[in-house]
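One structure is given here, and the rest of the page talks about it.
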Amino acid sequence: MPDFIYTIKDLRKVVPPKREILKGIWLSFYDGAKIGVLGGNGAGKSSLLRIMAGVDQDFLGEAFLGKGYTVGFLEQEPQLDPGKNVLENVQEGVADKVRVVRRWNDISARFAEPLSDDEMTALLDEQAKVQDKMDAGNLWELDRQLEIAMDALRCPPADADVAKISGGERRRVALCRLLLSRPDLLLLDEPTNHLDAESVAWLERFLKEYAGTVVAVTHDRYFLDNVAGWILELDRGAGIPWEGNYTSWLEQKKTRLAQEEKAESARQRTLDRELEWVRMAPRARQAKGKARLAAYEKLLSEEGREKLENIEIYIPPGPRLGNVAIEAEGLRKGYGDNLLIEELSFKLPPAGIVGVIGPNGAGKTTLFRMITGQETPDAGRLRIGETVKLAAVDQSRDALPEGANVWEAISGGKDTIALGKRTVNSRSYVASFNFKGADQQKRVKDLSGGERNRVHLARMLETGANVLLLDEPTNDLDVDTLRA
């Protein structure tokens with residue numbers, strides 16, 4: 001019998017307002033498998049990982065880790081201890097080992113103190129036991145091992161304040177902490193968010209060689225192609241496994257959706273035919289047709305699979321730009337001894353499309369914050385054209401009315417929205433961001449990361465801006481929205 005590292009039986013998950021996102025899922029995960037989890041925003045991907053990690057206990061059915069296995073979880077927005085520096089946060093991943101090393105150091109320091117014969121004997125006995133642990137775990141090299149791991153993930157300096165590092169750097173620290181703990185089951189929620197290209201390439205290599213099981217929620221198609229041996233698709237409440245990478249999964253999904261559409265068409269034709277029979281059959285014959293009536297009612301009760309629709313996002317034209325959009329001359333910005341930007345000069349022309357690239361902590365977000373006026377340059381000049389109307393989406397996606405529903409958060413409660421020179425129905429505009437029907441009544445506080453991102457984009461695009469600043473705009477978005 002195969003050795004399953006994790007088992008799920010008839011798993012069901014309901015989220016406000018009484019929406020079932022996971023509907024009777026049965027799955028068993030092989031030890032050592034590399035699994036990519038796909039699905040639309042709000043399909044339950046993060047919920048599934050939180051259940052598997054033991055963080056979310058509010059579900060129906062069974063979900064349990066195999067006996068003797070350990071699990072580690074990287075959340076979308078991992079939490080670090082603000083009272084500790086970078087190194088101290090990383091050390092949490094090897095806390096047991098750190099305690100052994102510290103105890104060894106404490107014992108060594110005590111030998112310099114005056115001790116009675118009994119105290120010396122007891123201390124020597126304890127030292128021998130601790131030394132056995134040091135030898136068994138090769139803990140003499142622990143500091144060096146931590147240094148190598150932090151360098152490989154290009155973490156900030158060991159003594160850096162975690163409250164002042166960038167979102168990408170925080171993610172590196174949390175990922176380093178998790179990987180050092182070496183769990184048997186790695187649960188990664190959007191692991192490539194905020195990571196630069198070099199870090200993603202390193203992570204791909206690491207996970208391919210990782211001895212344990214990896215379950216990763218991600219919409220990074222290249223990452224899925226390079227790492228995943230299985231794809232688990234969460235589709236309208238169902239969990240559909242596929243052995244293969246993203247490209248092969250995409251090919252079979254096209255075939256599967258065509259088959260679903262064909263089956264649904266056949267079901268509708270049968271319903272029409274049976275409905276005609278029910279209407280025409282005389283009462284005297286209905287007694288003889290009980291079986292046929294029962295079959296009709298069963299067919300009627302079957303829920304047709306909702307057809308997935310293509311998403312199209314309309315970007316309205318903003319006010320006409322003058323000759324000057326954004327110009328920088330000799331910009332300089334740093335924090336303490338950390339110089340981020342030095343002698344930066346550029347001119348952004350009207351209608352220009354510019355991609356800003358650079359490693360984590362290089363100052364990309366800081367540059368945007370200077371353009372929006374949230375930060376002030378230490379030196380140099382930044383000029384924003386008189387006709388410029390700015391709109392920005394930041395990494396954190398925090399500035400949303402948590403108590404409002406989706407429609408209220410986007411429309412402000414108005415029936416119509418002005419998009420450039422067009423006026424559109426607000427419900428239709430919200431629906432264009434894949435919030436259909438009851439989804440528009442969902443509370444912002446209950447949204448997934450990708451759904452929050454779509455709300456931010458919708459709010460930003462309706463402002464009528466003519467210069468858009470997008471800080472990691474694709475984070476958490478599903479594949480369909482990325483295509484749009």
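The sequence shown begins at 1 in the UniProt record's numbering and counts up by one.
Don't be surprised by glycine CBs; every beta carbon is placed ideally from N, CA and C.
It should be emphasised that the depicted structure is a prediction, and the values quoted were computed from it without experimental measurement.
Local Cβ density within 10 Å of residue i, reported as buried at 16 or more and exposed below that
| i | result |
| --- | --- |
| residue 487 | Residue numbering for the chain in the displayed model covers 1 to 484; residue 487 lies beyond these limits and cannot be assessed. |
| leucine 234 | buried |
| lysine 9 | exposed |
| glutamine 259 | exposed |
| proline 82 | exposed |
| glutamine 268 | exposed |
| serine 199 | buried |
| aspartate 58 | exposed |
| alanine 325 | buried |
| aspartate 189 | buried |
| lysine 45 | buried |
| proline 191 | buried |
| residue 557 | As displayed, the chain neither begins before 1 nor continues past 484, which places residue 557 out of reach and without an answer. |
Nonlocal neighbours in the same chain, by C-beta distance under 6 Å from residue i, ignoring five residues either side
| i | result |
| --- | --- |
| asparagine 226 | Glu204 |
| phenylalanine 73 | Ala53, Leu187 |
| lysine 288 | Caution is warranted here: a pLDDT of 48 is assigned to lysine 288, below 50, making its placement in the model unreliable, and the coordinate value is therefore given only provisionally. Nothing meets the Cβ criterion. |
| lysine 133 | Val100 |
| tyrosine 429 | Ile417 |
| valine 130 | Arg103, Trp104 |
| leucine 308 | Below a pLDDT of 50, predicted positions are generally treated as unreliable, and leucine 308, at 47, falls in that range; the measurement from the model is reported next regardless. None. |
| glycine 42 | Ser448, Glu451 |
| glutamate 169 | Pro156, Asn360, Gly361 |
| methionine 460 | Ala391, Val393 |
| alanine 158 | Val86, Leu87 |
| serine 47 | Lys13 |
The ligand PLP heavy atom lying under 7 Å from the CB of residue i
| i | result |
| --- | --- |
| aspartate 378 | Among the components modelled here there is no ligand, and therefore nothing to report on the ligand PLP. |
Residue span of the alpha helix (DSSP H) that contains residue i, given as start and end
| i | result |
| --- | --- |
| leucine 234 | Looking at the DSSP string, leucine 234 is not in any alpha helix (DSSP H); the run it does join, the beta strand (DSSP E), is 230-235. |
| valine 444 | That residue, valine 444, is in no alpha helix (DSSP H); it is neither H nor E in DSSP. |
| phenylalanine 368 | 364-371 |
| glutamate 402 | Note, glutamate 402: premise wrong, no alpha helix (DSSP H); not H, not E. |
| leucine 224 | 221-227 |
Per DSSP, cross-strand counterpart(s) of residue i
| i | result |
| --- | --- |
| arginine 332 | Ala379 |
| phenylalanine 73 | Leu187 |
| glutamate 327 | Lys347, Arg383 |
| threonine 423 | Ala418 |
| phenylalanine 4 | Tyr30 |
| asparagine 89 | Answer is none; asparagine 89 lacks a bridge partner. |
| asparagine 338 | Tyr335 |
| valine 467 | Leu390 |
Sequence-distant residues of its chain with Cβ nearer than 7 Å to residue i (five each side left out)
| i | result |
| --- | --- |
| methionine 1 | Legend: pLDDT at methionine 1 = 43, less than 50; position of this residue unreliable, value from coordinates given subsequently. Closer than 7 Å at Cβ, skipping near neighbours: no residue. |
| glutamine 252 | Trp242 |
| lysine 347 | Glu327 |
| tyrosine 6 | Phe29, Met52, Leu65, Gly66, Leu185 |
| alanine 228 | Lys34, Ile35, Gly36, Asn245, Tyr246 |
| arginine 50 | Asp56 |
| residue 485 | Because residue 485 is not part of the residues shown, which for the chain are 1 to 484, the question remains open. |
| alanine 284 | Because alanine 284 carries a pLDDT of 42, less than 50, the predicted location of this residue cannot be relied on, and the following value inherits that uncertainty. So the list is empty, once near-sequence residues are dropped. |
| alanine 174 | Leu74, Pro78, Leu80 |
Where the beta strand (DSSP E) containing residue i begins and where it ends
| i | result |
| --- | --- |
| glycine 61 | 60-65 |
| glycine 450 | Careful: glycine 450 lies outside any beta strand (DSSP E), inside the alpha helix (DSSP H) at 449-461. |
| valine 98 | Here valine 98 belongs to no beta strand (DSSP E); instead the alpha helix (DSSP H) covers 95-110. |
| valine 217 | 213-217 |
| glutamate 243 | 238-243 |
| valine 354 | That residue, valine 354, is in no beta strand (DSSP E); it is neither H nor E in DSSP. |
Own chain, CB closer than 8 Å to residue i, minus 5 neighbours either side, in chain order
| i | result |
| --- | --- |
| residue 485 | No statement about residue 485 is possible, as the shown extent of the chain runs from 1 to 484 and does not include it. |
| proline 319 | Thr387, Lys389, Gly464, Asn466 |
| aspartate 378 | Arg332, Lys333, Gly334 |
| asparagine 405 | Gln440, Gln441, Lys442, Arg443, Val444 |
| leucine 146 | Leu87, Val90, Gln91, Val94, Leu180 |
| serine 426 | Trp407, Ile410, Ser411, Lys414, Asp415, Thr416, Ile417 |
If you scan the segment 130-200 from start to end, which runs of the alpha helix (DSSP H) of 4 or more residues do you find wholly inside it?
142-152, 167-181
Quick one: complete alpha helix (DSSP H) runs, 4+ long, within the segment 6-57?
45-52
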